[in-house]
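There are 2 protein chains.
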Amino acid sequence: MSGIASNPAAPPRYLRHVPPRPRSEAKRSRIVEVAMQHFAEQGYHAARVGDIAATLGIAKGSVFQHFGSKDGLFFEVYKKAVRSFPQYLDAPEEVRAAGVFEVLRYWLVRTEHMLHEDWIPYRIALLGNYGTDLVLKREINRFLISEDPYGTVALVRFGLERRELRKDVDADMIVSILDWTMERFQDALLTAELDPGLFRRQGEMPEKKEARIQQFLAVLQRAIGVELTSRAARPEVRADKRI
Amino acid sequence: MSGIASNPAAPPRYLRHVPPRPRSEAKRSRIVEVAMQHFAEQGYHAARVGDIAATLGIAKGSVFQHFGSKDGLFFEVYKKAVRSFPQYLDAPEEVRAAGVFEVLRYWLVRTEHMLHEDWIPYRIALLGNYGTDLVLKREINRFLISEDPYGTVALVRFGLERRELRKDVDADMIVSILDWTMERFQDALLTAELDPGLFRRQGEMPEKKEARIQQFLAVLQRAIGVELTSRAARPEVRADKRI
DNA sequence: ATTCTGCCGTGACCTGAGGTCATTCTTTAT
DNA sequence: ATAAAGAATGACCTCAGGTCACGGCAGAAT
Numbered sequence: 184m185s186g187i188a189s190n191p192a193a194p195p196r197y198l199r200h201v202p203p204r205p206r207s208e209a210k211r212s213r214i215v216e217v218a219m220q221h222f223a224e225q226g227y228h229a230a231r232v233g234d235i236a237a238t239l240g241i242a243k244g245s246v247f248q249h250f251g252s253k254d255g256l257f258f259e260v261y262k263k264a265v266r267s268f269p270q271y272l273d274a275p276e277e278v279r280a281a282g283v284f285e286v287l288r289y290w291l292v293r294t295e296h297m298l299h300e301d302w303i304p305y306r307i308a309l310l311g312n313y314g315t316d317l318v319l320k321r322e323i324n325r326f327l328i329s330e331d332p333y334g335t336v337a338l339v340r341f342g343l344e345r346r347e348l349r350k351d352v353d354a355d356m357i358v359s360i361l362d363w364t365m366e367r368f369q370d371a372l373l374t375a376e377l378d379p380g381l382f383r384r385q386g387e388m389p390e391k392k393e394a395r396i397q398q399f400l401a402v403l404q405r406a407i408g409v410e411l412t413s414r415a416a417r418p419e420v421r422a423d424k425r426i
Numbered sequence: 184m185s186g187i188a189s190n191p192a193a194p195p196r197y198l199r200h201v202p203p204r205p206r207s208e209a210k211r212s213r214i215v216e217v218a219m220q221h222f223a224e225q226g227y228h229a230a231r232v233g234d235i236a237a238t239l240g241i242a243k244g245s246v247f248q249h250f251g252s253k254d255g256l257f258f259e260v261y262k263k264a265v266r267s268f269p270q271y272l273d274a275p276e277e278v279r280a281a282g283v284f285e286v287l288r289y290w291l292v293r294t295e296h297m298l299h300e301d302w303i304p305y306r307i308a309l310l311g312n313y314g315t316d317l318v319l320k321r322e323i324n325r326f327l328i329s330e331d332p333y334g335t336v337a338l339v340r341f342g343l344e345r346r347e348l349r350k351d352v353d354a355d356m357i358v359s360i361l362d363w364t365m366e367r368f369q370d371a372l373l374t375a376e377l378d379p380g381l382f383r384r385q386g387e388m389p390e391k392k393e394a395r396i397q398q399f400l401a402v403l404q405r406a407i408g409v410e411l412t413s414r415a416a417r418p419e420v421r422a423d424k425r426i
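Note that the protein sequences, when read in sequence, are chains A and B. Mapping of the first sequence onto the numbering used here: residues 184 to 426, in sequence order. Mapping of the second sequence onto the numbering used here: residues 184 to 426, in sequence order.
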C-alpha cells in the first residue's frame with residue numbers, strides 16, 4: 184500500500200502559499216476571473232498561464248507571484264465557480280414546502296437552463312471533478328467536504344426533520360449517495376463527455392429528459408426516502424407536508 | 184453551447200494513429216506493461232515517457248512511434264487495466280445463485296483484498312476516471328460504454344431475468360445507477376483522495392466497513408430492486424441461468 | 001550468397017510550457 | 001520627504017512531450 188500515494192515529497196505549491204501576504208485582493212480576483220474564462224474555454228491543460236497574463240496585460244510572473252502555480256490558480260478558480268452555485272435550500276419557498284424531492288427536481292430541471300445562461304462555472308466544476316490531477320482532486324474533495332457548497336448536508340438535515348428521509352440510514356451515507364448520483368446525473372445531462380448513454384441515444388428530446396428526471400427521482404426516493412405505501416399513505420408522514 | 188466543447192480542430196493523436204501499421208505486438212505490450220507501472224506509481228502527469236523508455240532500454244522516440252502520444256499510451260494502459268478486472272458475473276456459482284445483490288456484496292468485499300494483491304490496475308482505473316483530461320475522459324467513456332468491461336449490463340439482464348430488479352425502471356437507468364454508485368463507493372473504500380468522509384472519519388475499523396457495505400446494499404436494493412416483502416427470497420428462481 | 005526493400009528503432013533536435021528571481025517600480029507609514 | 005515593504009516585471013531556466021532524417025537489419029527476390 185505504500186507506493187499507492189503519489190510522491191510524498193514536495194508538498195503542492197498551492198499549499199505552501201497558505202498566507203500569501205495581503206496582496207491586492209482586487210487584482211487577485213481579476214486574475215481569477217480571466218483565468219476562469221480561459222480554463223472553461225480551453226480546458227485545464229490547453230489553457231496557458233501566459234495567455235491569461237497577456238489578456239490581463241500583466242506579466243506572467245505576476246500570476247505566479249499571486250498563486251504559486253497553475254494548480255494553485257485553478258484551485259482558486261474552482262472554488263470561486265463552485266461557490267457561485269446556488270445551494271439546494273435556495274429553492275423558492277413553495278418548492279421547499281413541497282419537500283426534499285421537489286427541491287431536487289427543481290434544481291435538476293433548472294440546471295440546464297442555468298447552464299445556458301452561464302456555462303462557465305459549470306465547465307470549471309467539471310474540470311475540477313474529472314480533468315486535472317489526482318493530487319488536486321484530493322484538495323478539491325477536502326474543500327467540498329469542509330464547505331458543503333451545494334448545501335447537501337443542510338438539505339439532508341431538512342429532509343430528516345421533515346421525516347421525508349430515512350432515519351435508519353446514516354446521514355453521512357445519504358449525503359454521499361445524494362452527492363454522487365446528483366453529480367453524475369447532472370453531468371450526464373449537461374455534457375456529452377460523461378453521458379453513459381442515458382441522454383445521448385435519444386435525440387435531445389426534452390420530454391424524454393423530463394421522464395428521465397422523473398424516473399431518477401423515483402429511484403432516489405425509494406433509496407433514501409421513507410416508505411410511501413401505495414395504499415393510503417401514513418398519516419403521520421403526510422401531516423407535515425407543509426413548512 | 185458552441186464554446187463548451189474543447190477545441191474542435193486537431194483530433195487527438197491517438198485517434199489519428201488508428202492503424203499504426205502492424206508493428207511488433209510483443210514490444211507494444213511490453214511498453215504498455217512498464218508504462219502501467221510508471222503511471223500507477225507516479226500518477227499521470229508525474230510519469231515521464233522518457234523514464235518509461237529508459238526502463239525498457241529503448242529510445243523515447245520509439246514509444247511515440249508506437250502510441251503517438253502520452254495520451255495514446257495511457258489510453259492503452261487504461262484499457263488493459265480495466266480489461267484485467269473480473270466481471271460481476273464472474274463471481275462463484277453459489278454467489279450468483281444467491282442473487283444480484285449478493286454478487287454486488289461479494290465484489291465489494293473482495294475489492295479491498297484484490298487491491299492489496301495487485302493495486303496497480305486499480306490505480307490506473309482511478310487515474311482514468313479522475314486524473315487525466317476531459318478529452319481523454321470522453322474516449323474512456325466511449326470505451327466503457329462499448330465494452331462494458333465490468334459486465335454491468337449482463338448483471339442487470341441477469342437480475343431482470345431473476346425478477347430481482349424492477350422492470351418499471353429503464354434498464355439503462357439501472358445500469359447507470361449501478362455504475363455510478365458502485366464506482367464511487369469503491370473509490371471511497373479504496374482511496375483517501377475520493378473519500379467523502381464515509382470511511383476516513385472512522386479509524387479503519389473493518390466491522391464498520393462491513394456495516395457500510397451492508398447499508399449501501401440495502402439502499403441499492405430499495406432503489407432498483409423489486410419490493411421485498413418481509414418474507415425471505417423467493418425460492419422459485421433457481422440459478423441455472425448462465426450468460 | 002548477394003542485393004534489395006521496407007519496416008523499425010534511434011537519438012539528436014525542437015518547441016513551448018510552467019516556473020524562478022534579481023531588479024525595479026509603487027504604495028504606504030512615519 | 002524619505003524609507004521600508006509590497007507588488008510587478010521580464011529575462012531566464014528547466015525540462016517534458018513530440019518530431020524526423022537517418023541507419024541498420026530482417027526477410028524476399030535474384
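Virtual Cβ for every residue (Gly too), placed ideally from N, Cα, C.
(message) Which residue wins for smallest C-alpha separation from B:Glu295, given the options B:Ile323, B:Leu373, B:Met388, B:Arg383?
(response) The count along the second sequence starts at 1 and reaches residue 295 of chain B at position 112. The shortest Cα separation from B:Glu295 among B:Ile323, B:Leu373, B:Met388, B:Arg383 belongs to B:Leu373.
(message) At 4 residues or longer, what runs of the alpha helix (DSSP H) sit wholly inside the region 327 to 367 of chain A?
(response) 335 to 344
(request) Specify the secondary structure class of B:Gly226 as computed by DSSP and reduced to three states. (result) For the purposes of this step, residue 226 of chain B is taken as the residue at position 43 of the second sequence. Note: B:Gly226 maps to coil in three-state DSSP.
(message) Which residues of the region 244 to 269 of chain A have a Cβ closer than 8 Å to any Cβ of chain B? Give them in chain order.
(response) none
(request) Can you give me the start and stop residues for the alpha helix (DSSP H) that B:Met297 sits inside? (result) To locate residue 297 of chain B, count along the second sequence from 1; it is residue 114. It spans 283 to 300 - the alpha helix (DSSP H) in which B:Met297 sits, taken as one unbroken run.
(message) Please classify A:Ala375 as buried or exposed, where buried requires at least 16 other C-beta atoms within 10 Å of its C-beta.
(response) For the purposes of this step, residue 375 of chain A is taken as residue 192 along the first sequence, with counting starting at 1. Exposed, by the Cβ-count rule.
(request) Take B:Gly408 as the anchor and find which of B:Ala354, B:Trp363, B:Ala394 has the nearest alpha-carbon. (result) Translated into positions along the second sequence, residue 408 of chain B becomes position 225. Sorting B:Ala354, B:Trp363, B:Ala394 by C-alpha distance to the C-alpha of B:Gly408 places B:Ala354 at the top.
(request) Classify A:Ser207 as buried or exposed, calling it buried when 16 or more other Cβ atoms lie within 10 Å of its own Cβ. (result) As a first step, residue 207 of chain A must be located in the first sequence, where it is residue number 24. With fewer than 16 Cβ atoms within 10 Å of its Cβ, A:Ser207 is classed as exposed.
(request) Could you tell me whether any Cβ in chain B is nearer than 9 Å to the Cβ of A:Thr238? (result) On the first sequence, residue 238 of chain A is found 55 positions in, with the first residue counted as 1. No, A:Thr238 lies away from the interface with chain B (no Cβ there is under 9 Å from its Cβ).
(request) Residues of the region 215 to 238 of chain B with a CB closer than 9 Å to any CB of chain A: list them in chain order, please. (result) With the criterion set as a beta carbon lying under 9 Å from some beta carbon of chain A, the members of the region 215 to 238 of chain B are Ala223, Glu224, Gln225, Gly226, Tyr227, His228, Ala229, in sequence order.
(request) Tell me where the alpha helix (DSSP H) around A:Thr238 begins and ends. (result) Your numbering for residue 238 of chain A matches position 55 in the first sequence. Element bounds for A:Thr238: 232 to 239.
(request) Pick out whichever of A:Lys243, A:Leu361, A:Ser252, A:Lys262 has its Cα sitting closest to the Cα of A:Leu327. (result) Translated into the one-based positions of the first sequence, residue 327 of chain A becomes position 144. Relative to the Cα of A:Leu327, the nearest Cα in the group A:Lys243, A:Leu361, A:Ser252, A:Lys262 belongs to A:Lys262.
(request) Would you kindly check if the distance between the Cβ of B:Phe222 and the Cβ of B:Ala209 is under 9 Å? (result) If you number the second sequence from 1, residue 209 of chain B lands on position 26. If you number the second sequence from 1, residue 222 of chain B lands on position 39. Their beta carbons are not under 9 Å apart, which means B:Ala209 does not touch B:Phe222 by this criterion.
(request) State the Cα-Cα distance for the pair B:Phe382 and B:Thr364, rounded to the nearest angstrom. (result) Taking the first residue of the second sequence as 1, we reach residue 382 of chain B at position 199. Taking the first residue of the second sequence as 1, we reach residue 364 of chain B at position 181. So the two alpha carbons sit approximately 15 Å from each other.
(request) Please list the partners that A:Gln397 has in chain B, where partner means a Cβ-to-Cβ separation under 7 Å. (result) Residue 397 of chain A sits at position 214 when you count from the first residue of the first sequence. Ordered by position in chain B, no residue passes the 7 Å Cβ test against A:Gln397, which lies about 11 Å from the chain.
(request) List the residues of chain B that A:Trp363 touches, going by C-beta distances under 7 Å, in chain order. (result) Along the first sequence, read from residue 1 onward, the residue named residue 363 of chain A stands at position 180. Per Cβ cutoff of 7 Å: Trp363, Thr364, Arg367.
(message) Which residues in chain A have a C-beta closer than 7 Å to the C-beta of B:Arg405? List them in chain order.
(response) Taking the second sequence and counting its residues from 1, the one referred to as residue 405 of chain B is at position 222. Within chain A, the residues near B:Arg405 are Arg405, Ala406.
(message) Using DSSP's beta-bridge definition, name the partner residues of A:Gly314.
(response) If you number the first sequence from 1, residue 314 of chain A lands on position 131. Looking at the DSSP assignment, A:Gly314 forms a beta bridge with B:Gly314.
(request) Pick out the complete alpha helix (DSSP H) segments inside the region 237 to 263 of chain A, 4 residues or longer, and give them in chain order. (result) If we require 4 residues or more, the alpha helix (DSSP H) runs fully inside the region 237 to 263 of chain A come out as 243 to 250.
(request) Give the interface partners of A:Met388 over in chain B, defined as CB-CB distance under 9 Å, in chain order. (result) For the purposes of this step, residue 388 of chain A is taken as residue 205 along the first sequence, with counting starting at 1. Chain B residues near A:Met388: none, gap ~14 Å exceeds 9 Å.
(request) May I ask you to verify whether the region 338 to 346 of chain A touches the region 285 to 294 of chain B, counting CB pairs closer than 8 Å and requiring at least 3? (result) no
(request) Under the assumption that B:Leu377 contacts B:Asp370 (Cβ atoms under 8 Å), give the Cβ distance between them as a whole number of angstroms. (result) For this step, residue 377 of chain B is matched to residue 194 along the second sequence. For this step, residue 370 of chain B is matched to residue 187 along the second sequence. Confirmed, about 4 Å.
(request) Run the CB neighbour count on B:Gly304, radius 10 Å, all protein chains shown included, and call it buried at 16 or more, exposed below. (result) On the second sequence, position 121 is the one that residue 304 of chain B refers to. For the sequence presented, residue 304 of chain B should be read as Pro rather than Gly. In the assembly as shown, B:Pro304 is a buried residue. Its beta-carbon has 16 or more other beta-carbons within 10 Å.
(request) Can you tell me which of A:Pro379, A:Lys392, A:Leu272, A:Val358 puts its alpha carbon nearest to the alpha carbon of A:Arg403? (result) The sequence position of residue 403 of chain A within the first sequence is 220, counting from 1. Inspection of the sequence shows that residue 403 of chain A is occupied by Leu rather than by Arg. Scanning A:Pro379, A:Lys392, A:Leu272, A:Val358 for the CA closest to the CA of A:Leu403 turns up A:Val358.
(message) Helix, strand or coil for B:Gly408? Go by DSSP, reduced to three states.
(response) Looking up residue 408 of chain B in the second sequence gives position 225. Reduced to three states, the DSSP call for B:Gly408 is strand.
(request) Residues of the region 309 to 321 of chain A with a CB closer than 9 Å to any CB of chain B: list them in chain order, please. (result) Leu309, Leu310, Asn312, Tyr313, Gly314, Thr315, Asp316, Leu317, Val318, Leu319, Lys320, Arg321
(message) Does B:Val219 come out as helix, strand or coil in the three-state DSSP assignment?
(response) Here residue 219 of chain B corresponds to residue number 36 of the second sequence, with the count starting at 1. Looking at the sequence itself, residue 219 of chain B is Met, so the reference to Val does not match. Correct three-state label for B:Met219: helix.
(request) Give the secondary structure of B:Glu419 by DSSP, where H, G and I count as helix, E and B as strand, and everything else as coil. (result) Within the second sequence, the letter at position 236 stands for residue 419 of chain B. Below a pLDDT of 50, predicted positions are generally treated as unreliable, and B:Glu419, at 41, falls in that range; the measurement from the model is reported next regardless. Correct three-state label for B:Glu419: coil.
(message) Only counting the same chain, and skipping five residues up and downstream in sequence, which positions put a Cβ closer than 7 Å to that of B:Thr335?
(response) Locating residue 335 of chain B in the second sequence gives position 152, counting from the first residue. Within the same chain, B:Thr335 has close Cβ partners Tyr271, Val358, Leu361, Asp362.
(request) Kindly list the residues whose CB is nearer than 7 Å to the CB of B:Leu239, restricted to its own chain and excluding five residues on each side of it in sequence; keep chain order. (result) As a working mapping, residue 239 of chain B is identified with position 56 in the second sequence. Answer for B:Leu239: Arg213, Ile214, Val217, listed in chain order.
(message) Distance check for B:Arg321 and B:Phe258, CA to CA, integer angstroms please.
(response) Against the second sequence, residue 258 of chain B aligns to sequence position 75. Against the second sequence, residue 321 of chain B aligns to sequence position 138. Rounded to whole angstroms, B:Phe258 to B:Arg321 spans 11 Å at the Cα level.
(request) Report yes if the C-beta distance between B:Val246 and B:Leu256 is below 9 Å; otherwise report no. (result) As a first step, residue 246 of chain B must be located in the second sequence, where it is residue number 63. As a first step, residue 256 of chain B must be located in the second sequence, where it is residue number 73. Yes, Cβ-Cβ distance for B:Val246 and B:Leu256 is below 9 Å.
(request) Please name the residue in A:Ala406, A:Glu410, A:Asp254, A:Glu393 whose C-alpha comes closest to that of A:Arg293. (result) In the first sequence, residue 293 of chain A corresponds to position 110, counting from 1. Checking every option, the nearest Cα to that of A:Arg293 belongs to A:Glu393.
(request) Buried or exposed for B:Met356, please, with buried defined as at least 16 other CB atoms from any protein chain shown within 10 angstroms of its CB. (result) Locating residue 356 of chain B in the second sequence gives position 173, counting from the first residue. That one is buried.
(request) Identify which residue in A:Trp302, A:Arg211, A:Gly226 has its Cα closest to the Cα of B:Val318. (result) Looking up residue 318 of chain B in the second sequence gives position 135. If we check each option's Cα against that of B:Val318, A:Gly226 comes out closest.
(request) Closer than 7 Å by beta-carbon distance: list the chain B residues that pair up with A:Glu376, in chain order. (result) Taking the first sequence and counting its residues from 1, the one referred to as residue 376 of chain A is at position 193. By Cβ distance, chain B contributes Leu317, Lys320, Arg321, Asn324.
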